[in-house]
Amino acid sequence: MTATEHRAPAAPSRAAQAPAAARRAPRVTHRMWGTAAFHTSAGLLSLVWLVPIAVVLVTACRSFDDIAANGLGTLPHSFTLGGFRQAWVDGGQQQALINSLVVTIPAVLLSLLLASMAAFALSRYDVPFRRALLLLMLSGNLLPPQILLIPVSKLSEQLGLYDSLYALIGVQIGFGVGFYVFVLHGFMRAIPPEIQQAAVIDGAGPWQIYSRIILPLAKPALAALTSLSFTWIFNDLLWAITVLRSDSRMPITASLLGLQGQYVSQWNVIAAGSVIAAAPTVIVFLRFQRHFVAGLNLGAVK
Amino acid sequence: MTSVNTSSPTSRRHFLAGAGAVGAAALMSGCVTSGSTGSSSQSSGGAVSLQSNLSSPQAKSAMQDLIAAYNKRGGTKASLNTVASETFRTQLPTYLTSATPPDLMTWYPGSVADGYARKDLLLDVSDIWQTGELAGYSDALKKLCTDTAGAKVFVPASYYWWGVFYKKSNFAKWGVQEPKTWDEFIALCKALKAKGVTPIGLGAGGGTAWVASAWFDYLNIRINGAAYHRELLAGKHSFDDPQVHKVFDKWAEVLPYFDPNGTALAFQDATTAMLNNRTGMMLIGTFFADAAPKDQLDDIDFFQFPIIDPSVPVAEEGPTDGYFASARTRHKAQVKDLMSYLATAEAQEIYLKGSSGTSLPTNPKAKDSGTPLVKKGRALIESAADVTQFFNRDSSDALQPTADTALTKFLARPKEITSILTAWQRDAQKIWSQ
């Protein structure tokens, strides 16, 4: 779009210079072809991304007998919202969605609070071993979580937290904080020291500097991290099934898995369940879209 | 932590498989939590907790009916906890080794249960088999639920059967009959192919590669017998034995009649292909009926896997499902009471009424759902001289992937069978020697 708009005003001036126009014509058509090719390929590429989502939406609105009789890949012969009802009521997604939010919201708030405090101390003060601490947090992120499944499961059992949402909140905070500190540290370090010095001259203590100077300045980073961590924690399945056992406490991702039968899967119900499970993250994404994109290059430039 | 679970179901499954492997590894190294008096919910109350993998909505509500009926009797109370079957499969070792395990769990008898019993993880319930309705169970089931030490560790509740399923209307339209012998079966395949129909559907693609093992199981028990089959899966014979070669020679005879998409379609899609008359028949378990539209169920029939060698005693695949209790349960007496109840005809009828109704009760006195299909299936298993479970249940979940790899390769390149079987034996040896 932008390319054509930019070229439009230039066209009349080119037409005025007749000899020059004749010389430039092939270059203009060349560029037009380039634009067309770009738009077609970009359109096709976005189609590739959108088709699976469309298939899920269409499947969610079909009846199971239709899918069983005609196959998953055919055009729909039925329209029903029964799949949504089945996923929500029979599949227990209502309770699961509540569980997910009960875990996600405190986990996001707590981990960002802790991470911002740690990042503040590490970036603004000469804490001993701060380099080692940061490297430790970074290396924690490099560790594959799979190798910690058994220890986490056994530890939560020893602490008497196994099969409770507290255990899941704790695990999510524990595994998230390292990364958030790392990102926030990079951001806070870039805040000019003069601002802090001015606050010190005005008599502010560390707590006031943190809560009234640094935290408001770190808002963009915090917003980006909020949307990222919300998506991560909400979409997590692994830790949920590691520390939880009761179906009434399982979050939405685990309950989505539960919609699959032992042998036969009701694709319409699963598709409807996926739509329900995706809704909160989509809402958060749309709300924080700007920050989300900003979050992608957070920490890219140090 | 994130890249894994945001993506497609396939990678999620792979990931779960990894998680399961980790769980299994912990089990192998005997990483059993011992201390911790724990204050987990299931031990605090008096209720017996039943951890169930029957997560499909219909089976789940059937289990809820069953537990409600038990609680209505007074006395011991039970609480049902249903988790996704995939989660259950990977977490089962963790449940069993946990300091506060669920009291009772749904799972499989035979070598799978025996594997856990040998690690002292299962409760010995020999005493409840002496009295009540369990005493009247068939000898085959009694044997199936006994571990190598001679103790009974399992209570069976239901089973299903495998057969070659087809549509009655199609067989009538094509003017063909159910075959009894291998030669008749090949003649049937030829007749269907002449009519332009793909004779045999498979459905061993898209995550259900294990379906192909049914062909291996059946050919092996028809040619070499059930006893050899069990010994083979237990590692007492080699997969590159001449007997196993004979199995694949027979398979190669019918391979030209297999659906060329057989290893591309998942079994649910293969079912659709059969219902849409694109394929003639498929060897599958009765659970596939759940994947058929309700109005087509009356049109579905099956025949016994054809007899190849009449001198081999006829065995059938009848995978059994049921319950075992954790050795560390805090409610030993109550668990046994619940297990005895689950073995009664009353309990099994409640479950069958609520579920999709294609499985059979293990209690000889319990009534099945009574449809002609189910009656035929029950007669099939009851007439069998021996009953095998299924490849993974007669061996282990660890051996199943080796079979999937070997059989998928065979279906693609049947000429390379010698090297495929050598590779299979090598892979299986790694599992057995663990």
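Here the protein sequences line up with chains A and B, keeping their order. Going by numbering that gives the first Met the number 0, the first residue of the first sequence is number 0, and it counts up by one from there. Going by numbering that gives the first Met the number 0, the first residue of the second sequence is number 0, and it counts up by one from there. Even for Gly, the Cβ is constructed at its ideal location relative to N, Cα and C.
- Task: My understanding is that Thr404 (chain B) touches Ala67 (chain A), with C-beta atoms under 8 Å, so please give their C-beta distance in whole angstroms.
- Result: The count along the second sequence starts at 1 and reaches residue 404 (chain B) at position 405. The count along the first sequence starts at 1 and reaches residue 67 (chain A) at position 68. Cβ-Cβ separation between Thr404 (chain B) and Ala67 (chain A): approximately 30 Å, too far for a contact (criterion under 8 Å).
- Give, in chain order, every residue of the region 265-283 of chain B whose Cβ lies closer than 7 Å to some Cβ of chain A. For chain A, the residues of the region 265-283 of chain B that bring a beta carbon within less than 7 Å of one of its beta carbons are Gln267, Asp268, Thr271, Leu274, in chain order.
- If you measure beta-carbon to beta-carbon, which residues of the region 140-158 of chain A are closer than 7 Å to chain B? Cβ contacts with chain B: Pro144, Gln145, Leu148, Ile149, Ser152, Lys153, Glu156, Gln157.
- Query: What residues in its chain sit with their C-beta under 6 Å from that of Ala150 (chain B), if we drop five residues either side in the sequence?
  - Reply: Within the second sequence, the letter at position 151 stands for residue 150 (chain B). Taken in chain order, the residues that qualify are Asp123, Ser125.
- Task: Compute the Euclidean distance between the alpha carbons of Ala365 (chain B) and Gln347 (chain B), then round it to the nearest angstrom.
- Result: Within the second sequence, numbered from 1, the residue matching residue 365 (chain B) stands at position 366. Within the second sequence, numbered from 1, the residue matching residue 347 (chain B) stands at position 348. Between the C-alpha atoms of Ala365 (chain B) and Gln347 (chain B) there is a straight-line separation of about 7 Å.
- Message: I need the DSSP call for Asp64 (chain B), collapsed to helix, strand or coil.
- Response: As a first step, residue 64 (chain B) must be located in the second sequence, where it is residue number 65. If DSSP states are grouped into helix, strand and coil, Asp64 (chain B) belongs with the helices.
- Message: Three or more C-beta pairs under 8 Å: does that hold for the region 83-93 of chain A against the region 305-318 of chain B?
- Response: Fewer than three Cβ pairs drawn from the region 83-93 of chain A and the region 305-318 of chain B lie within less than 8 Å of each other, which leaves the two stretches out of contact.
- Below-8 Å beta-carbon distance, Leu65 (chain B) vs any chain A residue: Counting from 1 along the second sequence, the entry for residue 65 (chain B) is found at position 66. Taking Cβ atoms only, chain A never reaches closer than 8 Å to Leu65 (chain B), which makes this a no.
- So what does DSSP say about Gly169 (chain A), is it helix, strand or coil? Residue 169 (chain A) sits at position 170 when you count from the first residue of the first sequence. Helix at Gly169 (chain A).
- Item | Burial state of Pro191 (chain A) (16 or more Cβ within 10 Å) | Residue numbering aside, residue 191 (chain A) sits at position 192 when the first sequence is read from its first letter. Answer is exposed; the Cβ neighbour count stays below 16.
- What are the residues of the region 284-299 of chain B that lie near chain A, defined by any Cβ-Cβ distance shorter than 9 Å? Going along the region 284-299 of chain B in chain order, one finds Gly284, Phe286, Phe287, Ala288, Asp289, Ala290, Ala291, Pro292, Lys293, Asp294, Gln295 with a Cβ nearer than 9 Å to chain A.
- Count the other CB atoms within 10 Å of the CB of Phe78 (chain A); is the residue buried (16 or more) or exposed (fewer)? Here residue 78 (chain A) refers to the residue found at position 79 of the first sequence. The residue in question, Phe78 (chain A), is exposed, as its Cβ has fewer than 16 Cβ neighbours within 10 Å.
- From the DSSP output, in three-state form, read off Glu132 (chain B) for me. Residue mapping note: residue 132 (chain B) aligns to position 133 of the second sequence, counting from 1. Note: Glu132 (chain B) maps to helix in three-state DSSP.
- Item | Euclidean distance between Cα positions of Thr280 (chain A) and Gly91 (chain A) | Within the first sequence, residue 280 (chain A) is the residue found at index 281, counting from 1. Within the first sequence, residue 91 (chain A) is the residue found at index 92, counting from 1. Approximately 19 Å between the Cα atoms of the pair.
- Query: Do Ala61 (chain B) and Gly353 (chain B) have their C-beta atoms closer together than 8 Å?
  - Reply: Locating residue 61 (chain B) in the second sequence gives position 62, where the first residue counts as 1. Locating residue 353 (chain B) in the second sequence gives position 354, where the first residue counts as 1. It is a contact, given that the beta carbons lie within the stated cut-off.
- Where does Asn80 (chain B) sit, in a helix, a strand or coil, going by DSSP? Locating residue 80 (chain B) in the second sequence gives position 81, counting from the first residue. Asn80 (chain B): strand per DSSP, three-state reduction.
- Message: Does the contact criterion of 3 or more C-beta pairs under 8 Å hold for the region 221-239 of chain A versus the region 101-115 of chain A?
- Response: Pairwise C-beta distances place the region 221-239 of chain A in contact with the region 101-115 of chain A, as three or more of them are shorter than 8 Å.
- Query: Would you say the region 181-195 of chain A touches the region 112-122 of chain A, given that touching needs at least three Cβ pairs under 8 Å?
  - Reply: Yes, the region 181-195 of chain A is in contact with the region 112-122 of chain A.
- For Asp396 (chain B), which beta-bridge partners are listed by DSSP? Numbered from 1 along the second sequence, position 397 holds the residue referred to as residue 396 (chain B). Answer is none; Asp396 (chain B) lacks a bridge partner.
- Message: Here's a check: name, in chain order, each residue in its chain whose Cβ is nearer than 6 Å to the Cβ of Tyr165 (chain B), leaving out the five neighbours to either side.
- Response: For the purposes of this step, residue 165 (chain B) is identified with residue 166 of the second sequence, where counting begins at 1. Counting only Cβ-Cβ distances below 6 Å, and skipping sequence neighbours, we find Met280.
- Query: According to the Cβ coordinates, are Ala213 (chain B) and Leu282 (chain B) closer than 8 Å?
  - Reply: Mapped onto the second sequence, residue 213 (chain B) falls at position 214. Mapped onto the second sequence, residue 282 (chain B) falls at position 283. It is a contact, given that the beta carbons lie within the stated cut-off.
- Taking 8 Å as the CB-CB limit, is Asn169 (chain B) close to chain A? The residue you call residue 169 (chain B) lines up with position 170 of the second sequence. No, its Cβ sits nowhere closer than 8 Å to a Cβ of chain A.
- For chain B, is any of its Cβ atoms less than 8 Å away from the one on Asp201 (chain A)? The sequence position of residue 201 (chain A) within the first sequence is 202, counting from 1. Output row for Asp201 (chain A): interface = no.
- Between Leu112 (chain A) and Leu137 (chain A), what straight-line distance do the alpha-carbon atoms span, to the nearest angstrom? Translated into positions along the first sequence, residue 112 (chain A) becomes position 113. Translated into positions along the first sequence, residue 137 (chain A) becomes position 138. Within the model, the alpha-carbon separation for Leu112 (chain A) versus Leu137 (chain A) is close to 19 Å.
- If the cut is a Cβ gap below 8 Å, which residues of chain B does Gln85 (chain A) touch? By 1-based counting over the first sequence, the position of residue 85 (chain A) is 86. Within 8 Å of the CB of Gln85 (chain A), the CB atoms of chain B belong to Pro56, in sequence order along the chain.
- Message: What ranges does the alpha helix (DSSP H) occupy inside the region 191-251 of chain A, keeping only unbroken runs of at least 4 residues that lie completely in it?
- Response: Qualifying alpha helix (DSSP H) stretches, in chain order: 192-200, 218-233, 237-242.
- Item | Where the alpha helix (DSSP H) containing Thr417 (chain B) begins and where it ends | Numbered from 1 along the second sequence, position 418 holds the residue referred to as residue 417 (chain B). Following the DSSP letters along the chain, one finds Thr417 (chain B) inside the alpha helix (DSSP H) bounded by residues 416-431.
- Does the beta-carbon distance from Ile419 (chain B) to Lys408 (chain B) come in below 8 Å? Your numbering for residue 419 (chain B) matches position 420 in the second sequence. Your numbering for residue 408 (chain B) matches position 409 in the second sequence. Against a cut-off of 8 Å, the Cβ pair of Lys408 (chain B) and Ile419 (chain B) comes out as a contact.
- Looking at C-alpha atoms only, which residue of A:Gln171, A:Ala222, A:Val268, A:Phe128 is the closest neighbour of Val101 (chain A)? Residue mapping note: residue 101 (chain A) aligns to position 102 of the first sequence, counting from 1. Answer by Cα proximity: A:Gln171.
- Quick one: which chain A residues come within Cβ less than 7 Å of Glu85 (chain B)? The count along the second sequence starts at 1 and reaches residue 85 (chain B) at position 86. Under the 7 Å cutoff, chain A gives Leu256, Gln259.
- Leu214 (chain A) and Ser115 (chain A) look like a contact to me (Cβ under 8 Å); what is the Cβ gap, rounded to whole Å? Position 215 of the first sequence holds residue 214 (chain A). Position 116 of the first sequence holds residue 115 (chain A). With a beta-carbon spacing of about 6 Å, Leu214 (chain A) and Ser115 (chain A) fall inside the 8 Å limit used to define contacts.
- Does the beta carbon of Gln424 (chain B) come closer than 8 Å to any beta carbon on chain A? Locating residue 424 (chain B) in the second sequence gives position 425, where the first residue counts as 1. Gln424 (chain B) is outside the set of residues whose beta carbon lies under 8 Å from a beta carbon in chain A.
- Item | Bridge-paired residues (DSSP) for Ala324 (chain B) | The residue labelled residue 324 (chain B) in the question sits at position 325 within the second sequence. Note: Ala324 (chain B) is bridge-paired with B:Leu103 in the DSSP secondary-structure output.
- Anyone know if the C-beta pair for Leu201 (chain B) and Asp258 (chain B) falls short of 8 Å? As a first step, residue 201 (chain B) must be located in the second sequence, where it is residue number 202. As a first step, residue 258 (chain B) must be located in the second sequence, where it is residue number 259. In contact: Leu201 (chain B) and Asp258 (chain B) (Cβ atoms closer than 8 Å).
- Task: Tell me, please, whether the CB atom of Gly177 (chain A) is closer than 8 Å to any CB atom in chain B?
- Result: To locate residue 177 (chain A), count along the first sequence from 1; it is residue 178. It does not: the Cβ of Gly177 (chain A) has no partner Cβ on chain B nearer than 8 Å.
- Item | Pairwise C-alpha distance: Trp106 (chain B) and Val334 (chain B) | As a position in the second sequence, residue 334 (chain B) is number 335, starting the count at 1. As a position in the second sequence, residue 106 (chain B) is number 107, starting the count at 1. Per the coordinates, the alpha-carbon of Val334 (chain B) lies some 15 Å from the alpha-carbon of Trp106 (chain B).
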